[in-house]
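Notes follow the structure.
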Amino acid sequence: PLADDDAAEPADRSEFGRALNNLGIVLKNTGRSDDADTVYERAVTILEDLCERHHSEAKFRLEFAQCLINRGILLKDTRKVAEAEAAYGHAIRILEELIAEHPAKLEYRIALAACSNNMGNLLLRDPKRYDDIPPNFQRAFELYEKLASDFPSVPSHRKELANSCNSLAAMLLRMGQATEARERWERGRQIAEALVRESADVPDYQQLLGGILGNLGASMTDADDAPQARELLEGAVRHERAALDSNPQHP
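Residues in the sequence shown are numbered from 40 upward in steps of one, following our numbering.
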C-alpha cells in the first residue's frame, strides 16, 4: 500500500506525514502559502488519523502537534487568526497530555513552551482577547525558566527565557501594569546581556538585547525617566547595529 493509504504501515504513514510537514515549511518559506496550507492540511489529516488509531504511540502525537504548530504559524501569517488559534490550541492540548504522561521528556516541554508563546503573540493582535493571553505567556515563561534552570549550559533555553520575558512584559504593559512589565524586561535584559557577553558575535543575541532595551526604553514615558530612556534606546540601536554588522543578511 502507498504511504498515505489507510492500509499502509503506521511507520510509513508517520514518515509520509513528516515529509508533508517538512514540505509545508519549504513552501511557506518560499512564498507559496496556498500550496503550503494544502500540504499541511493533508499532513494533519494523516497524522490525526494515525494518532486516533495508535494513541499509545507518543511519537505520533508529538509529530501531529508539531505539524499543527507549523500550520498555525502559516495561518497566523496569512491572517487566518481563528484557524491559527484552533491549531495552536489543539497542539497545546496534545503536548500537555504528553507532558503529564512523560514529565521528564525534554522535547515535549520545549514544544509546549514555543506553542504557548505563539498563542500569546497571536492573541495580542486582538485587544478583546487580552484576558486570554496571560495563561499562555505565563506557561511559556515557567517552562523556559525551568529549562534554563535545569540546563544552564544550554544557551538556547536562556535565549528563549529572555524572549519570553519580553513577550510577557509587552502583555503586562498593554494591560496597564507598567511596573510589572519593566520588572520582566529587566529580567530579560540581564539574561540577554549575559548571552552577549558570552558570545558577542551571535546576531540573535545582539538583536534580542536590542529589542528588550528598545521596549524598556519606550515604556518610560514620564519626563523624569527621559535620561534613562534615552540611554536604553541608544543601547538598543548599538546592539541592533551589531547584529546587522555581524550578519548583513540577518532579518
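Just so it is clear, CB atoms sit at the ideal spot from N, CA and C, and this is done for glycine as well. A quick note: this is a predicted structure, and the numbers were derived from the prediction, not measured.
If you check the CB distance, Arg221 and Tyr169 do not come in under 8 Å. Note that the stretch 147-156 touches the stretch 125-135; at least 3 beta-carbon pairs, one per stretch, sit closer than 8 Å. If you draw a straight line from the Cα of Ala208 to the Cα of Arg52, it is about 42 Å long.
Asn157 and Ala126 have their alpha carbons spaced roughly 11 Å apart. In this structure, Ala187 places its C-beta atom within 8 Å of the C-beta atom of Leu200. The three-state secondary structure of Glu48, taken from DSSP, is coil. Of the other Cβ atoms in all chains shown, fewer than 16 fall within 10 Å of the Cβ of Ser238; this residue is therefore exposed.
Counting only the Cα atoms, Asn286 lies some 20 Å from Asn68.
Between the stretch 243-250 and the stretch 275-284 there are three or more inter-stretch CB-CB distances shorter than 8 Å, so the stretches are counted as touching. Here Ala257 has Ala268, Leu272 as same chain residues with Cβ atoms under 8 Å from its own Cβ, once five neighbours each way along the sequence are excluded. Rounded to whole angstroms, the Cβ separation of Val78 and Leu66 is 6 Å, and the two are in contact under 8 Å. Non-local C-beta neighbours of His93 in its own chain, meaning closer than 6 Å and more than five positions away in sequence, comprise Pro49, Phe99, ordered along the chain.
Just so you know, the alpha carbons of Arg228 and Asp116 end up roughly 28 Å apart. For Pro166 and Ala179, the gap between their C-alpha atoms comes out near 20 Å. Distance from the CA atom of Leu161 to the CA atom of Leu107, rounded to whole angstroms, is 15 Å. Of all alpha-carbon atoms in Phe103, Asp263, Tyr244, the one lying nearest the alpha-carbon of Ala231 is that of Tyr244. In chain order, Glu122, Ala123, Ala126 place their CB closer than 7 Å to the CB of Leu114, counting only its own chain and leaving out the 5 sequence neighbours on each side.
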